[in-house]
């Protein structure tokens, strides 16, 4: 550019830095920023945010935090995008205490959290089974007029399910619509169906499955797999077989594992003809089953 008399500006460098980060070349992007500074161009908040997001995406949090220090040392105030990138990376690499400490710093510096911020914090708290703190955070969202969404409740419900508190999960599931006016979705139902099938409570799982259908929420392939696995594990081969046929009729091709589970259950009950019929249907749909032992 300079050979042709064209002088780059900060925006030019930002485009290049962003391109390198999107290619995964974050270290090269950091090197380019050093070149940028050496030529007398000082990075703006967009430059810093691009780098922090790049390092955080690669989970190189030490580098991301170093960039944050450079920002602060040079009087550039981080914004919600800056903190969300950091929090997201820390959530995946650090203990929840580090995540919450960064959030505390964010608030102290006058940066208002948004929905994405809270969803990251909830993910971290639920991962470490800090469910009381997670519920307190849900209340804080309300106080800050930040409306939760399906991701918020999906994270919370999943956290309660993984902690074995299905009553708490069920309460949240109902509150989601009745109190917070957040519509249920197929992924939300899948979370709670998975929890009940894991506990071998297929009666409750089937109840939620039917509730989905009644509300015109279409089950997906994962929903069917959960139901089939649950029925087969509890010895209800007829229902597992029925759901497998229903799954295929609705255009979903079962995995070899799901297929094998039903076939094995049928063969154990000497229902070889029905097992062979499943294989025939699958071949017709273009999926050739592997050997099932």
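Numbering (full-length UniProt numbering), first residue to last: 1 to 293.
The beta-carbon is built from N, C-alpha and C at its ideal position, and this holds for glycine as well.
Bear in mind the structure is a predicted one, so any value in this text is a computation, not a measurement.
Just measuring C-alpha positions, the residue of 193, 140, 144 and 281 sitting nearest residue 154 is 193.
Of the candidates 17, 270 and 185, 185 places its Cα closest to the Cα of residue 215. The three-state reading of DSSP puts residue 176 in helix, counting H, G and I together.
By the Cβ-count criterion, residue 146 is buried, with 16 or more other Cβ atoms from all chains shown falling within 10 Å of its own Cβ. Cβ contact annotation for residue 236 (same chain, cutoff 8 Å, sequence separation greater than five): 202, in chain order.
In chain order, 32 place their CB closer than 7 Å to the CB of residue 16, counting only its own chain and leaving out the 5 sequence neighbours on each side.
Straight through space, the alpha carbons of residue 36 and residue 20 are spaced by roughly 14 Å. In this structure, residue 49 keeps its C-beta atom at 8 Å or more from the C-beta atom of residue 94. For the options 191, 57, 278 and 45, the alpha carbon positioned closest to that of residue 69 is the one of 45. By the CB criterion at 8 Å, residue 88 and residue 129 fall outside the cutoff. Of the candidates 172, 67, 165 and 189, the residue whose Cα lies closest to the Cα of residue 217 is 189.
One thing to note: residue 278 has its Cβ no nearer than 8 Å to the Cβ of residue 256.
Bounds of the alpha helix (DSSP H) holding residue 267 are 256–268. With a cutoff of 8 Å on beta-carbon distance, residue 141 and residue 118 are scored as near each other.
Annotated three-state conformation of residue 218 is coil, per DSSP. For residue 182, there is no enclosing alpha helix (DSSP H), since its DSSP letter is neither H nor E. Across the structure, residue 286 and residue 246 are spaced so that their CA atoms are roughly 17 Å apart.
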